[in-house]
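Student:
Residue numbers (this note's numbering): 192 to 858.
Printed below as a string of structure tokens:
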């Protein structure tokens, strides 16, 4: 299925040739085309005449085509559709920008092209082309109404934006073909997996699907969950905001029809987590976290207990539907538990590349919807983040993907005569109004103090984007020692003093707060995004956990990421990394020497060694033995590591953590 072409209208012998040619044109021109027979997003829109097509494409007039030769029925169809789209426009307050149907029908709708006269798709779109910028904006807004990809009209606005921040913020967002299929296609099986890179719009699609299920079945019960508590809190705030935005008239019946909480929960509150609620619902034992009790084990025991309890009777279901976001954070036992207690469908969204050190990228995962395009992050930023994370600019690479895996992650792959691999990504609509020379990713050397370097970046952002607010910026501290918290304190003081902005330390608040600039360690940013991200690190280390966080955090921005590091080679920053970034910014591609078969084998060996499972407690004990840490400090260090959310970190990271923190405990 093409991400550029979406077909909702029924294909038949009369229209098949045209539809096939439209699909081919969308693919080779890399332009979005939608072919409908009614507006999407509401089941109430149905029409008696079935031999008409509505063809939609950005920057082109809306085309109504009749392939049934019934002029009167076709005219009635046109009138009814335009009237209904006008009604949708009223509902979402678009009228002030696009006007009434009588205003836009004349200039933005084409109804006189004869179906049989279409010989060339290129010629067809030449005829439909719109040149006026304000008219282009209006037709994009009309398309968004047709496909249910509703934009905030206050954000989009009527005026032409001037700054980079406003250009990107005000860009009209449209579902691509894959996203539209996920929202509107009826599922053919119970578990529906949607997978893609970070920023492909997975969470937004889950919200659209949630809205659809909640409003079409008034008795449905739904649990929306994820692993991370700060993301769960953020989602719980987003749902009512999203429902209000989509003009949902039904009230949300929290903890009766709809739940949104992280996966585990606490013993004191049955509604605090998916696993906790399931234990309460079925009256089975609830297990707290301990050295011997992982979340995976708790879920496995819950499955056993439920099956045992209902082995001689019919088991009632806990929910009609479940939504699982950031599914890469869970293993099979939690998914199995959700499957056991859910009646209809489970929608599972995960990042194909959230961990660039997953054992398999393509072969172990069979998603129903694979989203290759990252709509949040500029392709240049994404490429450099992948390169740093995987060590692609280093002699000894940390990770390598084969051709299909690169392609599944949205890359165009080409090998030249010198066996150099050229990796590039498709440009995105979101950034088409931004200058070609704009640098969406920048390396910033720490001149004197890291705090002063960050303050200078903030002042530059504000100078270049006068409408920037504290909410537009995230500051992420990538290292895993106590020094980062001292830096956060200094930054808070200087930001308050020099910019008069309030600061939110996410590792303390565990949530995103309005009208504040967020400062976080690398564990509390999942699911969040910002126009601007500033990542700070003392050293680019080799350990997989750090590199994966580096990739993930750099791609939290949808305009620009700044990577702040010391300029010396001791920081791990090499000239090859600097040159690699220059090439990406200049040519919009990475040129990488492919490892030899022997090198790939060594990469795989190191990689598989890092994947060996060992409990956090056992790993810490091993490190204490390695570093000869006195026994009286063991429990204290383990407790601190848990408080800092380091339960899933690798050995190298934890070794550095113990080295950095043992001196504070001894003092």
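We put the CB at the ideal spot given by N, CA and C, even for glycine.
Are the CB atoms of residue 330 and residue 220 nearer to each other than 8 Å?
Tutor: no
Student: So, is residue 508 buried or exposed, given that buried needs 16 or more other C-beta atoms within 10 angstroms?
Tutor: exposed
Student: Keeping to the same chain, check which residues put their C-beta closer than 6 Å to that of residue 804; ignore five residues upstream and five downstream.
Tutor: Only weak support exists for where residue 804 lies, its pLDDT of 49 falling under 50; the coordinates are left without a value.
Student: My assumption, with CB atoms under 8 Å, is that residue 339 sits in contact with residue 194. Please give the rounded CB distance.
Tutor: Rounded, the Cβ-Cβ distance is 17 Å, inconsistent with contact.
Student: Between which two residues does the beta strand (DSSP E) containing residue 257 stretch?
Tutor: 253-257
Student: Near residue 570, what residues of its chain come up, given a Cβ to Cβ distance below 6 Å and the 5 sequence neighbours on each side ignored?
Tutor: 616
Student: Please state whether the Cβ-Cβ distance between residue 716 and residue 667 is less than 8 Å.
Tutor: yes
Student: Can you tell me whether DSSP reads residue 851 as helix, strand or coil?
Tutor: helix
Student: In the DSSP assignment, find the unbroken beta strand (DSSP E) run with residue 781 in it and report its ends.
Tutor: Its beta strand (DSSP E) spans residues 780-784.
Student: According to the neighbour-count rule (16 or more other Cβ atoms, all chains shown, within 10 Å of its Cβ), is residue 800 buried or exposed?
Tutor: Per-residue confidence for residue 800 stands at a pLDDT of 46, beneath the threshold of 50, marking its modelled position as unreliable; the derived number appears in the next sentence. Per the 10 Å Cβ criterion, exposed.
Student: Could you check how far apart the C-beta atoms of residue 690 and residue 649 are, in whole angstroms? I think they sit under 8 Å.
Tutor: 6 Å
Student: On the DSSP bridge assignment, give the partners of residue 693 in chain order.
Tutor: Its beta-bridge partners are 707.
Student: For residue 492 and residue 457, I'd like the C-alpha separation in whole angstroms.
Tutor: 17 Å
Student: Suppose contacts are defined by Cβ-Cβ distances below 8 Å. Is residue 226 in contact with residue 246 by that definition?
Tutor: yes
Student: Applying the criterion that 16 or more other CB atoms from any shown protein chain within 10 Å of the CB defines a buried residue, is residue 452 buried or exposed?
Tutor: buried
Student: Could you give the residue range of the alpha helix (DSSP H) that holds residue 392?
Tutor: If you look at residue 392, you'll find it isn't in any alpha helix (DSSP H); DSSP assigns it neither H nor E.
Student: Going along the chain, which residues of its own chain have a beta-carbon closer than 7 Å to the beta-carbon of residue 462, five neighbours each way excluded?
Tutor: Around residue 462, the same chain offers 446, 450, 452, 468 as residues with beta carbons nearer than 7 Å, after the five sequence neighbours per side are excluded.
Student: Can you list, in chain order, the residues of its chain whose CB lies under 8 Å from that of residue 464, leaving out five sequence neighbours each side?
Tutor: 416, 452, 453, 454, 455, 456, 457
Student: Whole-angstrom Cβ separation of residue 242 and residue 262, contact assumed at under 8 Å?
Tutor: About 11 Å separates the two Cβ atoms, so there is no contact after all.
Student: What are the boundary residues of the alpha helix (DSSP H) that residue 294 is part of?
Tutor: 292-299
Student: Is the distance from the Cβ of residue 769 to the Cβ of residue 636 below 8 Å?
Tutor: no
Student: Looking only at its chain, what residues have a beta carbon closer than 8 Å to the beta carbon of residue 402, apart from the 5 residues adjacent to it on each side?
Tutor: Excluding positions up to five away in sequence, the list reads 433, 434, 437, 439.
Student: Is it the case that the stretch 418-433 contacts the stretch 512-521, given that we only count it when at least three CB pairs across the two stretches are under 8 Å?
Tutor: yes
Student: Suppose you measure from the CA of residue 259 to the CA of residue 473; what does that come to, to the nearest Å?
Tutor: Taking the Cα positions, residue 259 is about 57 Å away from residue 473.
Student: Once DSSP output is grouped into helix, strand and coil, what is the label at residue 772?
Tutor: helix
Student: Following the continuous beta strand (DSSP E) through residue 416, name the residue where it begins and the one where it ends.
Tutor: 413-417
Student: Using only alpha-carbon positions, find the residue among 325, 230, 312 that is nearest to residue 334.
Tutor: 230
Student: Looking only at its own chain, which residues have a Cβ that is under 6 Å from the Cβ of residue 576, when we skip the five neighbours before and after it?
Tutor: 742, 745, 746
Student: Evaluate contact between the stretch 726-742 and the stretch 573-587, counting only Cβ atoms and requiring at least three cross-stretch pairs below 8 Å.
Tutor: yes
Student: Helix or strand or just coil, what does DSSP make of residue 439?
Tutor: DSSP places residue 439 in coil when its eight states are reduced to three.
Student: Count Cβ pairs between the stretch 352-361 and the stretch 306-325 that sit closer than 8 Å; are there 3 or more?
Tutor: With a cut-off of 8 Å on Cβ pairs, the stretch 352-361 is not in contact with the stretch 306-325, counting fewer than three such pairs.
Student: Assign residue 323 to buried or exposed, taking buried as 16 or more other Cβ atoms, counted over all protein chains shown, within 10 Å of its Cβ.
Tutor: exposed
Student: For residue 203 and residue 538, what's the separation of their Cα atoms in angstroms?
Tutor: 31 Å
Student: Hey, is the stretch 656-674 in contact with the stretch 708-715, meaning 3+ C-beta pairs nearer than 8 Å?
Tutor: yes
Student: Helix, strand or coil for residue 277, going by three-state DSSP, please let me know.
Tutor: helix
Student: With residue 288 and residue 256 assumed to form a contact (beta carbons below 8 Å), what rounded beta-carbon distance in angstroms separates them?
Tutor: Contact doesn't hold; Cβ gap of about 27 Å is too wide.
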